[in-house]
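Position one of the sequence shown corresponds to residue 185 (this note's numbering), numbered consecutively onward.
Note that beta-carbon positions come from the ideal geometry of N, C-alpha and C, so glycine has one too.
Values in this document were obtained by computation on a predicted structure and should not be read as measured data.
Okay, structure first, notes after.
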Amino acid sequence: IPSSLLFAFRHGKADIVMGTTPPIFQLPATWLVAKLRRAPFVLEVLDLWPEFAIGMGVLKNKFIIWAARKVEWFFYRVSRHLVGNSPAYRDYLIEGGIPAERVTFIPMGVDLTLFDPESRGEIMRKRFNLGDKFVVTYAGAHGISNDLDTVLDAATQTIDDPDIHYLFVGGGNEKPRLEAKAKELGLTNVTFGGTVPKDEVGDVLAASNACIALLKDIPQYKTPFPNKVFDYMAAGRPILLGIDGVIREVVEAAEAGIFFHPGRGEELASAVRRLKTEPALAKQMKESGRDYVRKHYDIALQADRFEEVFEKALEKK
185 IPSSLLFAFR HGKADIVMGT TPPIFQLPAT WLVAKLRRAP FVLEVLDLWP
235 EFAIGMGVLK NKFIIWAARK VEWFFYRVSR HLVGNSPAYR DYLIEGGIPA
285 ERVTFIPMGV DLTLFDPESR GEIMRKRFNL GDKFVVTYAG AHGISNDLDT
335 VLDAATQTID DPDIHYLFVG GGNEKPRLEA KAKELGLTNV TFGGTVPKDE
385 VGDVLAASNA CIALLKDIPQ YKTPFPNKVF DYMAAGRPIL LGIDGVIREV
435 VEAAEAGIFF HPGRGEELAS AVRRLKTEPA LAKQMKESGR DYVRKHYDIA
485 LQADRFEEVF EKALEKK
């Protein structure tokens, strides 16, 4: 907090101060800066914390849960305006008592220039020794919430097809366990590629034939709008979606992928085989997804929406 306040004093007037949650425990400093500068405080809600931690069983102490919720809702209530990156977050805030006129849904935007479906996919195929295989990619965090055992289950069920290969890109605390499990199961159809720089993610997706997004099957995970889904669509890649919530509505409206129930490796395996054997369907999903994200989730559109939020916050100053 002291360093944040020192920064505020050194950098003069602020028209608006914006905070982001989670984490919620950095918000006191951000809010104090807004108070000191007498500027409207706008808060962007990227995840529902502590609700996700409670749902996953990570946060169990009743006192800590009570305290975290008190902190969470204090900052929701003192914000001039709130931005939720999922329609479910907007509903959560309104149902909790925040006036609807103070809440705006703005999804994470996608910079389409970073995703060229025909970009350097061959380079990544050579880097990961993928050859001409049908590559199914998971790109993102390897954490407990990501349910990546389901992907290994699907890999086990499709190992009879030598042309299907699964690529994991990213890192996280579950990665060593997953690598050990894949080795123990003898999954020669799985590659763990490690982390890649943000500017190479588009190339990894271009090397893929389909991409996976999935989360654990808990009620709280019906609410997120995972940004990787929009990255996959921007890259023109069919989505294998294991999240049964608001993001499923988007993927189905875009006709950009196949849904499988969370935790059902056999359904994921079936969807992988279907995309491999139905190239016309895969092509239609590629084109539909990229067109949909261009129309609705281009980052320039979201920038315009943020500008409207800032103007609204300043009007009430």
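Cα-Cα separation between residue i and residue j, rounded to whole angstroms
| i | j | result |
| --- | --- | --- |
| T204 | N357 | 24 angstroms |
| E384 | G377 | 12 angstroms |
| N313 | V319 | 11 angstroms |
| L243 | K254 | 15 angstroms |
| L351 | A418 | 19 angstroms |
| A474 | G420 | Note on residue identity: the sequence assigns Arg, not Ala, to residue 474. Approximately 5 angstroms between the Cα atoms of the pair. |
| H480 | G370 | 42 angstroms |
| R304 | S392 | 11 angstroms |
| F258 | V201 | 17 angstroms |
| Q468 | I423 | 12 angstroms |
| P212 | R221 | 14 angstroms |
| K246 | V388 | 43 angstroms |
| T297 | Q486 | 15 angstroms |
| D199 | F490 | 14 angstroms |
| V493 | K406 | 26 angstroms |
DSSP state of residue i mapped onto helix, strand, coil
| i | result |
| --- | --- |
| Y322 | strand |
| F289 | strand |
| V242 | coil |
| E228 | strand |
| F409 | coil |
| T205 | strand |
| A391 | coil |
| H480 | helix |
| I427 | coil |
| I442 | strand |
| I248 | helix |
| L362 | helix |
| L452 | helix |
| L398 | strand |
Segment limits, beta strand (DSSP E) that includes residue i
| i | result |
| --- | --- |
| V380 | Where V380 is concerned, there is no enclosing beta strand (DSSP E), given that its DSSP letter is neither H nor E. |
| L336 | Premise fails: L336 lies in the alpha helix (DSSP H), 333 to 341, not in any beta strand (DSSP E). |
| V353 | 348 to 353 |
| V267 | 265 to 268 |
Start-to-end residues for the alpha helix (DSSP H) that takes in residue i
| i | result |
| --- | --- |
| V493 | 483 to 499 |
| G305 | 305 to 311 |
| I278 | 271 to 279 |
| A213 | 211 to 220 |
Residue i, buried or exposed, once every other Cβ within 10 Å from all chains shown has been counted against 16
| i | result |
| --- | --- |
| A502 | Lying outside 185 to 501, the shown extent of the chain, residue 502 is not represented and no answer is given. |
| G241 | exposed |
| D488 | exposed |
| H445 | exposed |
| E256 | buried |
| T375 | buried |
| V262 | exposed |
Any non-hydrogen atom of the ligand COA closer than 6 angstroms to residue i Cβ
| i | result |
| --- | --- |
| A223 | The ligand COA is not part of this structure, which contains no ligands at all. |
C-beta neighbour in chain B for residue i, strict 7 angstroms
| i | result |
| --- | --- |
| D316 | The structure shown contains no chain B; it is built from a single protein chain. |
Discussion item. Check whether the region 260 to 271 and the region 226 to 241 are in contact - that is, three or more C-beta pairs closer than 8 angstroms.
Written reply: yes
Discussion item. Assess contact between the region 406 to 415 and the region 449 to 458, defined as three or more Cβ pairs (one per stretch) separated by less than 8 angstroms. Is contact present?
Written reply: Contact fails: fewer than three Cβ-Cβ distances are below 8 angstroms.
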